[in-house]
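Here's the structure we're looking at; comments come further down.
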Amino acid sequence: MIAEALDTLQALLIAGGIWLITGSIALLLVLTLAVLGLYGIARATWRALRGHNRPTWARSRAAARRYARRGPDYEEAA
1 MIAEALDTLQ ALLIAGGIWL ITGSIALLLV LTLAVLGLYG IARATWRALR
51 GHNRPTWARS RAAARRYARR GPDYEEAA
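In full-length UniProt numbering, the protein residues as written are 1 to 78.
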């Protein structure tokens, strides 16, 4: 009778351990996805409010063409 009780206890401990590990992994995945989602939302909001962090010539094709057409100014270098 004691052997059956110990066998049942061992089975319950193994099942509880598997349940605990599975729950921990699931919780880790859910929290990771939640943090990544919140980070993405915060970053998109920040960029929408602040604008892109790029140089002026990279903001539009027209600006890039204007800057590319400029000749070098050697007066300042002299």
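Note that beta-carbon positions come from the ideal geometry of N, C-alpha and C, so glycine has one too.
| Check | Outcome |
| --- | --- |
| How long is the line joining the alpha carbons of I14 and I21, rounded to whole angstroms? | 11 Å |
| Give the straight-line distance between the Cα atoms of Y74 and R65, rounded to the nearest whole angstrom. | 21 Å |
| Taking the C-alpha atoms as reference points, what is the distance between R47 and I18? | 43 Å |
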